[in-house]
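Report on one structure; see the data block that follows.
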Amino acid sequence: MRWIVLLALVIGSSGCARLDRVQIGDIDQSRGELVEVEVQLSELGLNMAGIAETGRIATRGKASQDFKELRDILALINMGPKTGNPVFDDTYAQRLQEYLLVKCPSGRLTSIRSVREAKGFGPVTGEIVGVKADCIR
Numbered sequence: 009m010r011w012i013v014l015l016a017l018v019i020g021s022s023g024c025a026r027l028d029r030v031q032i033g034d035i036d037q038s039r040g041e042l043v044e045v046e047v048q049l050s051e052l053g054l055n056m057a058g059i060a061e062t063g064r065i066a067t068r069g070k071a072s073q074d075f076k077e078l079r080d081i082l083a084l085i086n087m088g089p090k091t092g093n094p095v096f097d098d099t100y101a102q103r104l105q106e107y108l109l110v111k112c113p114s115g116r117l118t119s120i121r122s123v124r125e126a127k128g129f130g131p132v133t134g135e136i137v138g139v140k141a142d143c144i145r
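If you want it as structure tokens, here you go:
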């Protein structure tokens with residue numbers, strides 16, 4: 009039993025980073041001085057199928073089979089094109105434009121680089137959306 013608890017702690021405490029998408033825009037250097045600006049927003053994400061898999065590993069018998077079925081159902085529910093795990097607030101990235109305007113009051117941006125990534129710690133992830141750009145002053 010101690011081995012299972014130790015395994016769950018190791019799996020739960022290991023972390024990694026994952027890059028989901030990068031997009032780069034055109035660069036316009038003809039209209040003035042360029043100053044780099046950066047904004048990042050994040051939200052907590054959960055991989056429920058991963059949580060169910062951890063439960064399956066940690067149990068035996070009927071409980072293990074129940075966790076396996078739950079894992080399979082959750083995996084089927086979340087099929088389709090996506091980047092990252094489901095988050096609690098789907099609108100968290102909509103504030104990016106407001107923060108970019110604070111950092112670049114002119115509102116003139118070029119060389120826009122958007123990044124979608126996640127930092128994971130087992131089934132819990134920090135889903136991150138970021139924008140780096142050059143502000144034309």
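Residue numbers (the working numbering): 9 to 145.
Note that beta-carbon positions come from the ideal geometry of N, C-alpha and C, so glycine has one too.
Quantities reported herein were computed from a predicted structural model and do not represent experimental measurements.
Query: Grouping DSSP H, G and I as helix and E and B as strand, with all else coil, what is Ser122?; Result: strand
Query: Go ahead and pull the three-state DSSP assignment for Asp98.; Result: coil
Query: Would you call the region 39-46 and the region 60-78 touching, i.e. three or more CB-CB distances under 8 Å?; Result: no
Query: Where Val95 and Arg39 are concerned, what is the direct C-alpha to C-alpha distance, given to the nearest angstrom?; Result: 39 Å
Query: Determine the direct distance from the alpha carbon of Gln105 to that of Leu52, and round the result to whole angstroms.; Result: 20 Å
Query: Out of Pro131, Leu108, Lys140, which one is the CA nearest neighbour of Gly63?; Result: Pro131
Query: Return the CA-CA distance between Leu108 and Gly115, expressed in angstroms with no decimal places.; Result: 8 Å
Query: Can you find the residues in the same chain that come closer than 8 Å, C-beta to C-beta, to Ile136, ignoring five residues on each side of it along the sequence?; Result: Gln48, Leu49, Ser50, Val123, Arg124, Glu125, Ala126, Lys127
Query: Just how far apart, CA to CA, sit Met84 and Gly138?; Result: With the sequence shown as reference, residue 84 is identified as Leu, and Met is not the correct amino acid for it. If I take the Cα positions, the gap works out to 29 Å.
Query: Taking the alpha-carbon positions, what's the Cys143 to Gln102 distance?; Result: 20 Å
Query: Could you please give me the residues that DSSP links to Gln73 through a beta bridge?; Result: Answer by DSSP bridge pairing: none, since Gln73 is not bridged.
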